[in-house]
Amino acid sequence: SPGPCTPDEAGCTLAAIRRIVAAACALDQYGRDEKQRAALWPAEALEGDAESLWLSEQSAELLHLARRIASSPVPVLITGESGTGKEMLARVIHRASNRADRPLVPFNCTAVPRDMLESQLFGYRKGAFTSADTAFPGVIRSANGGTLFLDEIGDIGMDLQPKLLRF
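Quick note, the sequence shown lines up with residues 9 to 175 if you use our numbering.
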């Protein structure tokens, strides 16, 4: 058995232990950082949905729910801040629905001047107003049996809301 160590050997041993502990701490931190990066890094596209990536566990749960409600004929209200992927989610629901072979018509309600919004939604006949050279069916009829995604619907005027509600 080795005898007692000299003060110089004890310093070397202590320094070696400190290096080992520092390396272990660094490896542990690296592992936690990698785990966090893996959670934020784009995941593989899910089967049948090559256009979208679902990164977080919450997004995957939302995707699962969207696919479950897709077979329902009821309207779906998707809410969220701008840029959170509402249209992307609407596309997932559409693709998973029995309407997938019909059109998906996304329409941004704020992209059209307020005085033209009603005619863009519901359409118009030829000659209905000065520049109406041809009839236009409107985006609602264009979705015919498919999916209509009305973006920024909360910003439409109060005068149009009852008509849209009636539709």
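Every residue gets a Cβ at the ideal spot worked out from N, C-alpha and C, and that includes glycine.
Residue environment: Phe-175 is assigned as exposed (fewer than 16 neighbouring CB atoms within 10 Å of its CB, all protein chains considered). The three-state secondary structure of Asp-141, taken from DSSP, is coil. The continuous alpha helix (DSSP H) containing Pro-170 extends over residues 169-174. Boundaries of the beta strand (DSSP E) around Leu-112: 112-116. According to DSSP, residue pairing for Leu-73 in a beta bridge does not occur.
Nearest in C-alpha terms to Gly-146, of all of Ala-108, His-72, Leu-125, Ala-24, is Leu-125. The C-beta of Cys-33 has fewer than 16 other C-beta atoms within 10 Å across all chains shown, which makes the residue exposed. By the neighbour-count criterion, in which a residue is buried when 16 or more other Cβ atoms sit within 10 angstroms of its Cβ, Arg-76 is exposed.
Taking all protein chains in view, the Cβ of Thr-155 is crowded by 16 or more other Cβ atoms within 10 Å, so the residue is classified as buried. Rounded to the nearest angstrom, the Cβ distance from Phe-157 to Leu-112 is 7 angstroms, consistent with a contact under 8 angstroms.
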